[in-house]
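Q: If you scroll down you'll find the structure; I have some questions about it.
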Amino acid sequence: MSKNVLILPGDGIGPEIVAQAVRVLEQVNQTHSLNISHESALVGGAAYDETGSPLPESTLEKAKAADAILLGAVGGPKWDGLDMAVRPEKGLLGLRSNLELFANLRPAILYPQLAEASSLKPEIVAGLDILIVRELTGGIYFGQPRGIRTLENGEREGFNTYVYSESEIRRIAHSAFEAARQRNKRVCSIDKSNVLEVTVLWKEIMEEVAKEYPDVELSHMLVDNAAMQLVRAPKQFDVMVTGNMFGDILSDAAAMLTGSIGMLPSASLNAKGQGMYEPCHGSAPDIAGQGIANPLATILSVAMMLRYSFGAREVGAKEAAAAIEAAVSRVLDLGLRTSDIASEGCTTVSTQAMGDAVLAELQKS
Ligand code: NAD
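Numbered by the numbering used here, the letters in the sequence shown go through residues 1478 to 1842 in order.
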């Protein structure tokens, strides 16, 4: 059956990098007979300019009906003065909440060719390939009650509620174990169970779900140790799974291990296996329109889409994902770099030329 991908270029460099990713998707669709069709819609500032809403009803309907979504990025100074309710970022948040995209998958991969770009020593990070699975729609960022109140003595206090239900923990655990099955079959669950009851329950449910995945090894680590281990010996991890707040912090730290934001894809999945795939970076208004943005994070987001949304059911999708990742690696071997990852002895190329190079490598495979 035909699969439908909704393309949401968004703002700033979004359209430039998405254009290259779509070329790659079309190429593997043909070579691997994937039977994927795609259509585009407006989101973010571009949608606001056209319709007065950052997430028009027609875009939301198309997103709900799609098997997967590929998003560029939203936002930019042009829309910074708008009311919060119609800011471009609301389009992104609206998609996440309407589609219940509770599982955020953020790989931190460091191609050996880019090891010099990291702030850590090359031997610590070269070849790094870890995946952080972050719960995205619950935990302390959403728990009630929350607020700032005034006590009887006149002093104010701020308060939030860290809460996770069994079902919320169970579904993110399944996401992590399923993802580990596509990788090296190891899950490390991150908690603070020595202090927080909510993560005592988290740990207990992780153990329960692990019984359904006897082929995957489960370990546990306290979040403070995990932060330390990420910068001490990050290659010890395969999949890390954690709640919203810990995941927010750890995934940014892990992303920086790779030193190059233009290289990192991400996925946000719901219980139906629907996913939204996007680069980790924003709309980079400072370089928009110059044709110099790095399209590789968006191209690698297509590989994630093929692996996580289509890999289990569509013959050839996982192979197509691997082919894209290998093509990206070979392009780096050739010494081609966009300006964000430029280094001595390498050739600096444009967004379009980087897309051309990935396509050329794909054609060889
Ligand atoms: P940013 O990620 O857009 O840019 C940070 C820096 O990285 C900039 O110097 C930029 O030029 C560079 N950069 C980012 N992606 C690049 C790429 N592919 N190639 C080369 N260089 C790249 O973050 P910011 O400047 O803080 O935010 C800019 C806008 O993006 C804001 O409006 C923000 O709200 C929005 N934003 C959107 C998303 C999203 O859509 N998911 C995420 C973060 C920020």
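A virtual CB, placed ideally from N, CA and C, is assigned to each residue, including glycine. These numbers come from a predicted model, not from an experiment.
Quick one: what's got a C-beta closer than 8 Å to Arg1500's C-beta in the same chain, skipping five residues either side?
A: Gly1832 and Leu1836
Q: Compute every distance between the C-beta of Ala1540 and the non-hydrogen atoms of ligand 1, then say whether any falls below 6 Å.
A: no
Q: Taking Tyr1618 as part of the alpha helix (DSSP H), name the residues at either end of that continuous run.
A: Note, Tyr1618: premise wrong, no alpha helix (DSSP H); not H, not E.
Q: At a cut-off of 6 Å, is Asp1701 close to ligand 1 when judged by its beta-carbon and the heavy atoms of the ligand?
A: no
Q: Is Asp1725 helix, strand or coil by DSSP?
A: helix
Q: Cβ of Asp1817 within 6 Å of any heavy atom in ligand 1?
A: yes
Q: Would you tell me roughly how many angstroms separate the C-alpha atoms of Arg1573 and Gln1713, rounded to the nearest one?
A: 31 Å
Q: For ligand 1, any of its heavy atoms closer than 6 Å to the Cβ of Ala1765?
A: no
Q: Quick one: is Leu1570 buried, meaning 16 or more other Cβ sit within 10 Å of its Cβ, or exposed?
A: With fewer than 16 other Cβ atoms from the protein chains shown falling within 10 Å of its own Cβ, Leu1570 counts as exposed.
Q: What is the rounded straight-line gap between the Cα of Val1610 and the Cα of Trp1556?
A: One Cα belongs to Val1610, the other to Trp1556, and the distance between them is close to 31 Å.
Q: Assuming Leu1613 and Leu1548 form a contact by the criterion Cβ under 8 Å, report the distance between their Cβ atoms to the nearest whole angstrom.
A: Not really, about 15 Å apart at Cβ, beyond 8 Å.
Q: Can you give, in chain order, each stretch of the beta strand (DSSP E) that sits fully within the segment 1503 to 1568 and has at least 3 residues?
A: Taking only runs of at least 3 residues, the beta strand (DSSP E) segments lying wholly in the segment 1503 to 1568 are 1513 to 1517 and 1545 to 1550.
Q: Once you ignore the five residues that flank Asp1701 on each side, which residues in its own chain have a CB closer than 8 Å to its CB?
A: Lys1669
Q: Considering only the beta carbon of each residue, do Gln1504 and Leu1839 sit closer than 7 Å?
A: yes
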